[in-house]
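Taken in order, these protein sequences are the chains called R and V. Read in order, the letters of the first sequence correspond to residues 1 to 519 in the numbering used here. Read in order, the letters of the second sequence correspond to residues 1001 to 1101 in the numbering used here. Glycine included, each C-beta is placed from N, C-alpha and C at the ideal position.
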Amino acid sequence: MTEAWLDPAAWLILLPLLWASLSFLTGPRRGGRLAIAALAVQAVLAVRLAQEMVASGARVHAVGGWGAPLGIDLMADGLAAVMLLLTQAVALPIALYAQAYFANAHHRAEADGSEPAQGSPDIEPSPAGASRLADDPRAHGAPRRVAPGGHFWPLAGFLIAALNALYLSADLFNLYVTLELMGLAAVGLVALGGGAAQLAAAMRYLLVSLTASGAYLLGVALIYGTYGTVSIATLAPLVGREVPLATGLAAGLMLVGLMAKTALFPFHAWLPPAHGGAPAPVSALLSALVVKASFYLILRLWLTPFAPLAETAEWLMGGLGTAAILWGSWQALRTRHIKRLVAWSTVAQLGYLFLVFPLLAADGLALQAGVMQAVAHGLAKAAMFAAVGVLMLATGRDTLDGLAGVAGRVPVTLFAFGLAGVTLMGLPPSAGFLAKWLLIDAALVSGQWGWVVVIIAGGLLAAGYVFRVLRVAFLAVPADAPFHPVPRRLEWVAFALATASVALGLRGVALAHLVGVAP
Amino acid sequence: MSAGLLYALAGVLLFVLGAAGVLLATHLLRRVLAFNVMGSGAFLVLVGLAQRGGVADPVPQAMVLTGIVVAVAATALALGLARALHARTGRTALSEEASRD
């Protein structure tokens, strides 16, 4: 145990706030090096926190020495520690990636002679031709005419601070504040490119996010009105077997709000334009981390305070998860845009997370499966968006047909895409395999055969859309196809993340052990 | 019916009106204003329900203050986005086809 002011939990929130503010002060496109250094420290802190917890159990940190109910408590249990590890493990490589990605985009903008739109932020040049280009669906996420970088670093810092704070929060209202901070930073990141399509996607995302957190807040108000507390730990014994109507209503409102933020079917419509239109490093952060945070919150609420309500909601959640797997995969099989394909795959993979709920009561395997799926998808999807970013930079195209022949030109990237695909399909020995295996096991133990069919069908559909990309990549190269050299670092980051998503399958026991650290 | 409950019910009504506005209105400015009505409704429920025996509870008031700060920040971001979108496209509403492939 360390002294209070050295507590890693507190510094995991303070550090990103610090570097985000500093990089905001230094101006656009600066702050990358500082961010990478700080993220490396955060990764060490997250590992230390996890190690201390495995040794001595869950921890509570009273912020500023003022504990609950007067002050704010930070609470870290096994579930929180795993999510913290995932956040730092994705954020650090993506920061390395973003630095090279935006530098590359900037050089290209200068080489093309088109001024990087930084001059007068208020009256941006909006010639009719440019907005037509951005309105054209073929221009979704195209790297051209983008103010490279913009305010990526401060926004990413605030996003990571919000995520870390969310995982460490111990009361419902604090969670509301972190949810909003996360949502606002994420919307800013979606709008980073500045094109009309990206602004519209950001606006749509913002409206969904605000309505959803409004519903969550009304739920919190009803809970406080009923029980006079918002602390999750205090609340858990108060919500008895007999649930009053107000509590049921509150739980329903919070659940709907959080499902909309997680983009669970049928609330998924905002996700493909937002994640498919943003610059590659942003898509990676959003798909890998942001949608997991609201899932984590549903899981946390349904594990303790709202456990008595689980029976009424679990079938609904499992059913919607099934619909998400089928609909998301179907759309990924149909779309012409490579980035939309990956974004639709996120919709499908998020469905698996909700299959956990009908199985939670059966045994503890389901919880491990859910956490494993969240981590596996986080790493694999970050790798996939990183790889797709490279493919789009190299070919200058964003459609699937534009990828012909990339296998010979950026083989490392394509290999990374394939490895990430292995995790999404759930082939051994990847972490995705372990997650789906645990889910199937839990379904068999509890005799709920239906879910097994869904899980296997989802894996086959995932294979379908991953092979769509691989097939085109190995086609013969058209003679006139342009090819732009891509910084090596981009390729290797994608490769490292993809390898991690597969190799994690071999360390599943350690992860399960950490999840088991109860509050 | 106590005054607190009356406030809470008015808050629920405001919340529903605001939510309907956010979901159904087309003009972006209307939707942003509707979000503010919705937020105020939630704040009213928070403060109204927590009045026990005519004595105000300070905790939800502190929460509402925090919530107002969050709502102001969200409104600013929404207005900024709406303005940028208008400057780019000349439109004041989100088009339906933009979300399709």
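A contact between stretches requires three or more CB pairs, one per stretch, nearer than 8 Å, and the stretch 395-407 of chain R fails this requirement with the stretch 359-374 of chain R.
Serine 501/R counts as buried, since no fewer than 16 other beta carbons sit within 10 angstroms of its beta carbon.
Counting along the chain, alanine 62/R sits inside the beta strand (DSSP E) bounded by residues 59-62. Boundaries of the alpha helix (DSSP H) harbouring aspartate 441/R: 431-445, taken from the DSSP string. For alanine 233/R, the uninterrupted alpha helix (DSSP H) run begins and ends at 232-238, by DSSP. Check the Cα spacing between leucine 159/R and each of Val208/R, Val243/R, Ala37/R and Ala288/R: the tightest is with Ala288/R. Between proline 16/R and alanine 43/R, the gap from beta carbon to beta carbon reaches 8 Å or more. Within the DSSP bridge table, the entry for histidine 1027/V names Ala1093/V as partners. Taken in chain order, the complete beta strand (DSSP E) segments of 3 or more residues contained in the stretch 334-384 of chain R number zero; there are none. The alpha-carbon of alanine 443/R is positioned some 19 Å away from that of alanine 307/R.
For secondary structure counted as the beta strand (DSSP E) over 3 or more consecutive residues, the stretch 280-320 of chain R holds no complete run. DSSP lists His61/R and Ser169/R as the beta-bridge partner residues of leucine 74/R.
DSSP, reduced to helix, strand and coil, places valine 454/R within a helical segment of the structure shown.
For glycine 1054/V, no Cβ of chain R is located within less than 8 Å of the residue's own Cβ. When CB distances to chain V are screened at a threshold of 9 Å, the residues of the stretch 323-338 of chain R falling below it are Gln331, Arg334, Thr335, Arg336 and His337, in chain order.
Contact with chain R is found for threonine 1089/V, since one of that chain's Cβ atoms lies less than 8 Å from the residue's Cβ.
Rounded to whole angstroms, proline 281/R and leucine 1065/V show a C-alpha spacing of 35 Å. The residue among Ala376/R, Trp66/R, Asp398/R and Thr312/R with its C-alpha nearest the C-alpha of alanine 89/R is Ala376/R. When Cβ-Cβ separations below 8 Å define contact, tyrosine 224/R makes contact with chain V. Inclusion of threonine 262/R and serine 283/R in the CB contact set at 8 Å is not warranted, their separation being larger than that value.
Here the stretch 482-489 of chain R lies against the stretch 91-101 of chain R, with 3 or more beta-carbon pairs under 8 Å apart. Counting only Cβ-Cβ distances below 7 Å, glycine 1039/V has contacts in chain R at Gly214, in chain order.
Under the 8 Å criterion on CB atoms, proline 1060/V is classed as interfacial with respect to chain R. With a 10 Å radius around the Cβ and a threshold of 16 neighbouring Cβ atoms, threonine 312/R comes out exposed. By the criterion of a C-beta distance shorter than 7 Å, alanine 494/R is surrounded in its chain by Ala383, Ala386, Ala387, Val390, Thr413 and Ala416, once the five residues flanking it on both sides are discounted. The closest CA to that of alanine 170/R, considering only Val60/R, Ala161/R, Val190/R and Trp330/R, is found on Val60/R. Assignment of beta-bridge partners to threonine 399/R by DSSP yields His337/R. Shown here for leucine 470/R: same chain residues with a beta carbon closer than 7 Å to its own, the five before and five after excluded, namely Gly418 in chain order. For a Cβ distance threshold of 7 Å, residue set Leu217 of chain R lies close to glycine 1067/V, ordered along the chain. Pairwise C-beta distances place the stretch 416-436 of chain R out of contact with the stretch 392-401 of chain R, as fewer than three of them are shorter than 8 Å.
Looking at Ala496/R, Trp344/R, Ala196/R and Leu341/R, the one whose alpha-carbon comes closest to that of serine 1095/V is Ala196/R.
Close partners of arginine 1031/V in chain R (Cβ separation under 8 Å): Leu207.
Residues of the same chain with a CB within less than 8 Å of the CB of leucine 1014/V, apart from the 5 flanking positions on each side, are Val1037, Met1038, Ser1040, Gly1041 and Leu1044 in chain order.
Here DSSP, grouped into helix, strand and coil, assigns arginine 30/R to coil.
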